[in-house]
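Chains as they are written, first to last, in this note's numbering: chain A, 863 to 1075; chain B, 863 to 1075. Think of the CB as a built atom: it goes at the ideal place given N, C-alpha and C, for glycine as much as any other residue. Data block below; observations after.
There are 2 protein chains.
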Amino acid sequence: MQSTDIARRGLMLILSSPSGAGKTTLTRSLIERNELQLQLSISLTTRPRRPSEVDGVHYYFTEKDQFAFRRDRGDLLEWAEVHGNFYGTPRQPVEKALASGQDMVFDIDWQGTQQIVEKMREDVVTVFILPPSFAELRSRLDRRAEDAADVIARRLENARTEIARWEAYDYVLINDDLNHAFEQLVAILQAERLKRKRRTGLAHFVESLLSTP
Amino acid sequence: MQSTDIARRGLMLILSSPSGAGKTTLTRSLIERNELQLQLSISLTTRPRRPSEVDGVHYYFTEKDQFAFRRDRGDLLEWAEVHGNFYGTPRQPVEKALASGQDMVFDIDWQGTQQIVEKMREDVVTVFILPPSFAELRSRLDRRAEDAADVIARRLENARTEIARWEAYDYVLINDDLNHAFEQLVAILQAERLKRKRRTGLAHFVESLLSTP
């Protein structure tokens, strides 16, 4: 019997970091590495769809009253309001994925993480990504030509707020080298997949092992 | 600042498996891979020293009354009596190693594991190694020319008893391929080293990060 044949419950890998610490790049790298077989969680949003976006791929787009209805019914694992728009994580696709052994990745902030951890503690693996220094964080944000000075200043303030939440996470990485940080994430994923509690098929496997005369 | 400069508390990696599932080979491979910087815990024993053995390298050799004295004083993290000889793990070298960030490996059975987990839960990472099948376990034991048939039969019975304890472990591996099992152990080690609770220097690092104007 191959080790990989053992049935397993999927896990929820949550990455949080201040803007500029590399979370988005790392998330994309994880998803694009096909052999890791990771799926990115798709958020529900009331924000208007941009022409480049596809419903069900980038977001699930919905209306505010629909969003409120689903939220109040407990359909969302976490939700937030940002600049008047609502964003949330629908519970049903996540539950379906986990039950089938599919791992999911979430690129969300500390408030979203807190809400998900409250509901799904046993399935969740949380990783906080820190920048190597505040100067490095600032220079990464400066290099993003698209952002105006006041946007960068606000992001730095948000970064401080976000960083202050590091203690709520299971793992903490310092992203001083993108490849190294990526390898560390892969190791965390590999290890968490080997946790006994996720390997739901082990009881059956051991039973057949012990029943051999 | 390099991620690896952050002070960290060492961990105790405990490997258990039935005889023949590869635990001893895997333990040796871990210790011999220098870049993993692992130290094997040395047991205290009342068994007579063999000519090939060095005190303080293979075992700490001691007398029965000394062993009993240290055990009763709470100096041992775990102990057992096997065929009239006593074996145990002295607490002090382990505490010293952990405090200095040195990780330790333990090759012990489920009873020793249970005793250590009770005393050191936060520092312990337990891994249970299963054989791919009972037939494979039997053939591995058969190939060990040194053992007589009745010894093999007793080991198979002990293997059943040991295997039945798999549910008490944090991680479970199936050793269907030695290289693969080794890589899985390395991933577990890498991940566990990144656990926030072990990275005792992070609070200081984040403080300096946030105090940058």
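Chain B within 8 Å of residue i, Cβ atoms only
| i | result |
| --- | --- |
| A:Val967 | no |
| A:Ile1014 | no |
| A:Val944 | no |
| A:Ile970 | no |
| A:Thr975 | no |
| A:Thr1074 | yes |
Under 8 Å by beta carbon: chain B residues contacting residue i
| i | result |
| --- | --- |
| A:Leu1071 | Leu992, Pro993, Ser995, Phe996, Ile1025 |
| A:Trp1028 | Arg1058, Leu1064, Val1068 |
Cβ neighbour criterion (16 or more within 10 Å) applied to residue i
| i | result |
| --- | --- |
| B:Leu1079 | What the structure shows of chain B is the stretch from 863 to 1075, and residue 1079 of chain B is not part of that stretch, so it cannot be assessed. |
| B:Gly987 | According to the sequence displayed, residue 987 of chain B carries Val and not Gly. With 16 or more Cβ atoms within 10 Å of its Cβ, B:Val987 is classed as buried. |
| B:Leu875 | buried |
| B:Phe948 | buried |
| B:Gln954 | exposed |
| B:Gln899 | exposed |
| B:Arg1017 | buried |
| A:Glu940 | buried |
| A:Asp965 | buried |
| A:Phe931 | exposed |
| B:Lys885 | buried |
C-beta neighbour in chain A for residue i, strict 8 Å
| i | result |
| --- | --- |
| B:Glu935 | Inspection of the sequence shows that residue 935 of chain B is occupied by Arg rather than by Glu. Output row for B:Arg935: interface = no. |
| B:Val1034 | yes |
| B:Arg1017 | no |
| B:Arg983 | no |
Where residue i meets chain A, residues with beta-carbon distance less than 7 Å
| i | result |
| --- | --- |
| B:Lys926 | The contacting residues do not exist; B:Lys926 stays about 36 Å from chain A at best. |
Under 9 Å from the C-beta of residue i: neighbouring residues of chain B
| i | result |
| --- | --- |
| A:Ala1053 | Tyr1033, Gln1046, Ala1049, Ile1050, Leu1051, Gln1052, Ala1053, Glu1054 |
Residue i Cβ short of 7 Å to the ligand ZN heavy atom set
| i | result |
| --- | --- |
| A:Ala942 | This structure simply doesn't include the ligand ZN, nor any ligand for that matter. |
Chain A residues whose Cβ lies nearer than 8 Å to that of residue i
| i | result |
| --- | --- |
| B:Arg1022 | Leu1072 |
Partners in chain B for residue i, counting only beta-carbon separations shorter than 7 Å
| i | result |
| --- | --- |
| A:Arg1061 | Val1034 |
Residue-chain proximity (residue i, chain D), Cβ-Cβ < 8 Å
| i | result |
| --- | --- |
| B:Leu1071 | The chain inventory of the structure shown lacks chain D, comprising the protein chains A and B. |
Item to check | Complete runs of the alpha helix (DSSP H) confined to the stretch 1030-1055 of chain A [at least 4 residues] | outcome: Secondary structure within the stretch 1030-1055 of chain A: the alpha helix (DSSP H) runs of 4 or more consecutive residues, fully enclosed, are 1040-1055 (chain order).
Checklist entry - Taking any Cβ of chain A, which residues in the stretch 955-966 of chain B have a Cβ under 9 Å from it, in chain order? => result Hits within the stretch: zero.
Checklist entry - Can you list the alpha helix (DSSP H) stretches of 4 or more residues lying completely in the stretch 924-987 of chain A, in chain order? => result Annotation: the stretch 924-987 of chain A contains the following complete segments of the alpha helix (DSSP H) (minimum length 4 residues), in chain order: 926-934, 953-961, 972-982.
Checklist entry - Using Cβ-Cβ distances below 9 Å, what residues of the stretch 873-889 of chain A are close to chain B? => result So nothing in the stretch comes that close.
Checklist entry - Counting only runs that start and end within the stretch 875-906 of chain B, where is the beta strand (DSSP E) found for 3 or more residues in a row? => result Entirely contained in the stretch 875-906 of chain B, the beta strand (DSSP E) runs reaching 3 residues are, in chain order, 900-902.
Next on the checklist: As an exercise, report each continuous alpha helix (DSSP H) stretch of at least 4 residues that is fully enclosed by the stretch 995-1025 of chain B, in chain order.
Outcome noted: Here the runs fully enclosed are 996-1005, 1011-1025.
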